[in-house]
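S.K.: Okay, here's the structure, questions in a sec.
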Amino acid sequence: MNVGERHYRTIWLSDDKRSVEIIDQRWLPHEFRIEKIGTVAGIATAIRDMWVRGAPLIGVTAAYGVAIQMTEDASDEALDAVWETLHKTRPTAINLRWALDEMRRHLKPLAPERRAEAAYRRAAEIADEDVGLNRAIGENGLAIIKEIAAKKPGETVNILTHCNAGWLATVDYGTATAPIYLATEAGIPVHVYVDETRPRNQGAQLTAWEMAGHGVPHTLIVDNAGGHLMQHGDIDMVIVGTDRTTANGDVCNKIGTYLKALAAADNDVPFYVALPSPTIDWTVADGLAEIPIEERASDEVSLVWGRTADGKIAQVRVSPDATPAANPAFDVTPARLVTGLITERGVAKASREGLKAMFPERG
Ligand code: MRU
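As numbered in this note's numbering, residues 194 to 556 make up the sequence shown, in order.
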């Protein structure tokens with residue numbers, strides 16, 4: 194998507210054809226910084242410390258990490274070791290494992306001297322595929338927005354979203370935001386309620402920045418406001434992303450998603466989840482029992498980042514020094530609370546049957 198007049202993806206191959214460049218998301222919305230990364234250790238840090246984040250982008254970044262490794266040592270042992278190193282960086286988003294598996298599956302049959310070139314080619318393809326998948330998700334989600342718009346002619350469609358499942362979380366377009374961008378392009382009046390998404394504020398910092406950058410009318414709300422707005426008829430639909438959706442349609446996403454789904458169900462607000470097929474974990478059925486939930490540093494809860502009045506980016510403490518904090522980063526929304534899964538192939542029911550019908554080759 195554009196930043197100012199210029200089109201950016203979130204990750205691209207550097208001019209040296211070996212390193213990658215990324216938008217360093219830790220500084221948004223206050224500063225737009227680009228980092229060049231040319232080592233596997235650098236890639237691991239960028240994923241773990243959330244310079245890049247969002248399930249699809251984590252996967253693509255890891256794919257380039259494998260490619261960088263192949264320029265140094267392309268042996269089977271090195272391929273397995275880079276898989277392990279990068280897989281450990283963030284445990285919940287399944288796109289990470291998907292991309293690492295895909296790279297290893299593609300490279301293993303090749304002679305080591307051919308692996309580096311093949312790895313960069315495959316990583317670039319995975320990045321391009323992500324853009325195509327998101328564009329298709331956008332079209333399928335747009336049809337839903339159009340249906341809602343048709344029921345309230347001349348009025349605005351109000352959409353609530355949680356966290357950032359926007360273009361910053363993918364290579365381009367985003368998942369939850371793709372239908373929103375296409376609706377805006379199509380001239381459908383939409384307005385987005387952006388959950389701030391504590392503790393790291395991906396909504397306040399990233400989704401709000403995206404919406405502002407693309408002229409999408411939006412309002413930032415605290416995480417606790419969604420239920421109240423739904424009770425008052427202010428939300429027409431919820432669209433969120435997901436880090437891992439099980440074969441049964443249980444949806445793991447940023448902490449707080451489950452509460453939004455409960456409020457949506459209680460108020461008959463449709464609750465949609467936008468996802469590309471690499472986010473489906475076909476090996477897992479019961480999301481609550483089987484998905485590892487990342488526990489992040491307690492400092493993310495006790496301290497918040499922001500820009501001070503004199504323009505500095507700084508951290509402040511919001512709780513007493515002695516108060517411990519817990520920081521589970523994701524939760525699981527049971528399939529029964531999900532109205533539909535917006536995939537690249539169409540909108541699936543959040544159930545084993547629904548997903549099988551959409552992806553018969555996986556059944
Ligand atoms: O911890 P993050 O910022 O990586 O979490 C991101 C999310 O929860 C997104 O909603 C999810 O990855 C879907 S991104 C298209």
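For every residue, glycine included, the Cβ atom is placed at its ideal position computed from N, Cα and C.
#1: Are the beta-carbon atoms belonging to Asp465 and Asp524 less than 8 Å from one another?
#2: Give a yes or no on whether the C-beta atoms belonging to Thr203 and Trp360 are separated by under 8 Å.
#3: Looking at Gly434 and the ligand MRU, is the gap between the Cβ and the nearest heavy atom below 7 Å?
#4: Tyr313: which of Tyr366, Glu554, Lys210 and Gly247 sits nearest, CA to CA?
#5: Please tell me whether Ile319 and Ala343 are closer than 8 Å, where the distance is taken between their beta carbons.
#6: With which residues is Ala541 paired in a DSSP beta bridge?
#7: Mapping the DSSP letters down to three states, classify Met430 as helix, strand or coil.
#8: Inspect the beta-carbon positions of Gly442 and Leu548 and report whether they are closer than 8 Å.
#9: Alpha carbon to alpha carbon, how far is Leu455 from Lys447?
#10: Can you pull the DSSP bridge partners for Gly499?
#11: For Ala316 versus Leu303, is the C-beta distance shorter than 8 Å?
#12: Hey, would you say Asp323 sits closer than 8 Å to Leu353, going by beta carbons?
#13: Would you call the CB atoms of Thr412 and Tyr374 closer than 8 Å?
#14: Which of helix, strand or coil does DSSP assign to Thr438?
#15: Return yes when at least one heavy atom of the ligand MRU lies under 7 Å from the C-beta of Thr368, else no.
#16: If you scan the region 467-491 from start to end, which runs of the beta strand (DSSP E) of 3 or more residues do you find wholly inside it?
#17: Do you know offhand how far Asp503's Cα is from Lys339's?
#18: Helix or strand or just coil, what does DSSP make of Thr354?
#19: Enumerate in chain order the residues of its own chain whose CB-to-CB distance from Thr526 is below 6 Å, with the five nearest sequence positions on each side excluded.
#20: Tell me, please, whether the region 324-336 touches the region 364-382 by the rule of three or more beta-carbon pairs shorter than 8 Å.
#21: Opposite Tyr451 in the DSSP bridges: which residues?
#22: Would you mind working out which of Thr264, Trp205, Val477 and Gly426 sits nearest Arg437, comparing C-alpha positions?
#23: Three or more C-beta pairs under 8 Å: does that hold for the region 409-424 against the region 498-518?
#24: Just to confirm the assignment, what range does the alpha helix (DSSP H) spanning Thr377 have?
#25: Is DSSP giving Glu493 helix, strand or coil here?
#26: Got a sec, what are the start and stop residues for the alpha helix (DSSP H) Thr278 sits in?
#27: Take Leu272 as the anchor and find which of Met404, Glu378, Gly539 and Ala309 has the nearest alpha-carbon.
#28: Between the Cα of Ala519 and the Cα atoms of Ala256, Pro305, Val196 and Glu488, which residue gives the shortest distance?
#29: Is it the case that the CB of Lys168 approaches a heavy atom of the ligand MRU more closely than 7 Å?
#30: Checking the sheet assignment: what are the DSSP bridge partners for Asn195?
#31: For Ala243, which residues from the same chain have a beta carbon less than 8 Å from its beta carbon, with the 5 sequence-adjacent residues on both sides left out?
#32: Using a threshold of 8 Å, state whether the C-beta atoms of Met194 and Asp321 are closer than that.
#33: Can you tell which of Ser544, Ala457 and Arg246 has its C-alpha closest to the C-alpha of Ile473?
#34: State yes or no: is the C-beta of Pro249 nearer than 7 Å to some heavy atom of the ligand ZN?
#35: How would you label Arg391, buried or exposed, when you count the other beta carbons within 10 angstroms and need 16 or more for buried?
M.R.: Looking at the atomic coordinates:
#1: Mapped onto the sequence shown, residue 465 falls at position 272. Mapped onto the sequence shown, residue 524 falls at position 331. The question names Asp, but residue 465 is Tyr in the sequence shown. Taking 8 Å as the Cβ cut-off, Tyr465 and Asp524 do not qualify as a contacting pair.
#2: The residue you call residue 203 lines up with position 10 of the sequence shown. The residue you call residue 360 lines up with position 167 of the sequence shown. Taking 8 Å as the Cβ cut-off, Thr203 and Trp360 qualify as a contacting pair.
#3: By one-based count along the sequence shown, residue 434 stands at place 241. Correct: Gly434 has its Cβ closer than 7 Å to the ligand MRU.
#4: Here residue 313 is taken as the residue at index 120 of the sequence shown, counted from 1. When only C-alpha atoms are compared, the closest one is Lys210.
#5: Taking the sequence shown and counting its residues from 1, one reaches residue 319 at position 126. Taking the sequence shown and counting its residues from 1, one reaches residue 343 at position 150. Taking 8 Å as the Cβ cut-off, Ile319 and Ala343 do not qualify as a contacting pair.
#6: Within the sequence shown, numbered from 1, the residue matching residue 541 stands at position 348. For Ala541, the pairing in a beta bridge is given by DSSP as Leu534.
#7: Taking the first residue of the sequence shown as 1, we reach residue 430 at position 237. Residue state, collapsed to three classes: strand.
#8: Counting from 1 along the sequence shown, the entry for residue 442 is found at position 249. Counting from 1 along the sequence shown, the entry for residue 548 is found at position 355. In this structure, Leu548 lies closer than 8 Å to Gly442 by Cβ.
#9: As a position in the sequence shown, residue 455 is number 262, starting the count at 1. As a position in the sequence shown, residue 447 is number 254, starting the count at 1. Linking Leu455 to Lys447 through their CA atoms gives a straight-line distance of about 15 Å.
#10: Within the sequence shown, numbered from 1, the residue matching residue 499 stands at position 306. The partner list for Gly499 (beta bridge, DSSP) reads Ala507.
#11: Within the sequence shown, numbered from 1, the residue matching residue 316 stands at position 123. Within the sequence shown, numbered from 1, the residue matching residue 303 stands at position 110. No; because the gap between Cβ atoms is not below 8 Å, this pair is not in contact.
#12: The residue you call residue 323 lines up with position 130 of the sequence shown. The residue you call residue 353 lines up with position 160 of the sequence shown. With contacts defined as CB atoms closer than 8 Å, Asp323 and Leu353 fail to qualify as a contacting pair.
#13: Start at 1 with the first residue of the sequence shown, and residue 412 comes out as number 219. Start at 1 with the first residue of the sequence shown, and residue 374 comes out as number 181. Result no, Cβ atoms of Thr412 and Tyr374 do not sit closer than 8 Å.
#14: Taking the first residue of the sequence shown as position 1, residue 438 is located at position 245. Of the three classes helix, strand and coil, the one that applies to Thr438 here is strand, per DSSP.
#15: For this step, residue 368 is matched to residue 175 along the sequence shown. Under cutoff, so the answer is yes.
#16: If you keep only unbroken beta strand (DSSP E) runs of at least 3 residues inside the region 467-491, you get nothing at all.
#17: Indexing the sequence shown from 1 puts residue 503 at position 310. Indexing the sequence shown from 1 puts residue 339 at position 146. C-alpha separation (whole angstroms): 44 Å.
#18: Here the question's residue 354 lines up with position 161 in the sequence shown. Strand at Thr354.
#19: If you number the sequence shown from 1, residue 526 lands on position 333. Hits under 6 Å: Val444, Thr450, Tyr451 and Ala454.
#20: Touching, yes, given that three or more Cβ pairs across the two stretches are closer than 8 Å.
#21: Against the sequence shown, residue 451 aligns to sequence position 258. Its beta-bridge partners do not exist; DSSP assigns none.
#22: Residue mapping note: residue 437 aligns to position 244 of the sequence shown, counting from 1. For the residues Thr264, Trp205, Val477 and Gly426, the minimum Cα distance to Arg437 belongs to Val477.
#23: No contact exists between the region 409-424 and the region 498-518.
#24: As a first step, residue 377 is located in the sequence shown; it is residue number 184 there, counting from the start. Counting along the chain, Thr377 sits inside the alpha helix (DSSP H) bounded by residues Ala371 to Glu378.
#25: For the purposes of this step, residue 493 is taken as the residue at position 300 of the sequence shown. Helix, per DSSP.
#26: The sequence position of residue 278 within the sequence shown is 85, counting from 1. It spans Asp269 to His280 - the alpha helix (DSSP H) in which Thr278 sits, taken as one unbroken run.
#27: Here residue 272 refers to the residue found at position 79 when the sequence shown is read from its first residue. Closest in alpha carbon position to Leu272, among Met404, Glu378, Gly539 and Ala309, is Ala309.
#28: Residue mapping note: residue 519 aligns to position 326 of the sequence shown, counting from 1. In terms of CA proximity to Ala519, Glu488 leads the group Ala256, Pro305, Val196 and Glu488.
#29: Nothing in the structure corresponds to residue 168, since the chain is present only between 194 and 556.
#30: For the purposes of this step, residue 195 is taken as the residue at position 2 of the sequence shown. Paired residue(s): His200.
#31: Taking the sequence shown and counting its residues from 1, the one referred to as residue 243 is at position 50. Residue 243 is actually Met in this sequence, not Ala. In chain order, Gln218, Arg219 and Arg393 place their CB closer than 8 Å to the CB of Met243, counting only its own chain and leaving out the 5 sequence neighbours on each side.
#32: Counting from one through the sequence shown, the residue named residue 194 turns up at place 1. Counting from one through the sequence shown, the residue named residue 321 turns up at place 128. In this structure, Asp321 does not lie closer than 8 Å to Met194 by Cβ.
#33: Against the sequence shown, residue 473 aligns to sequence position 280. The residue with the shortest Cα to Cα distance from Ile473 is Ser544.
#34: Absence of the ligand ZN is noted for the structure shown, with the ligand MRU being the only ligands found.
#35: Taking the first residue of the sequence shown as position 1, residue 391 is located at position 198. Buried, because 16 or more other Cβ atoms sit within 10 Å of the Cβ of Arg391.
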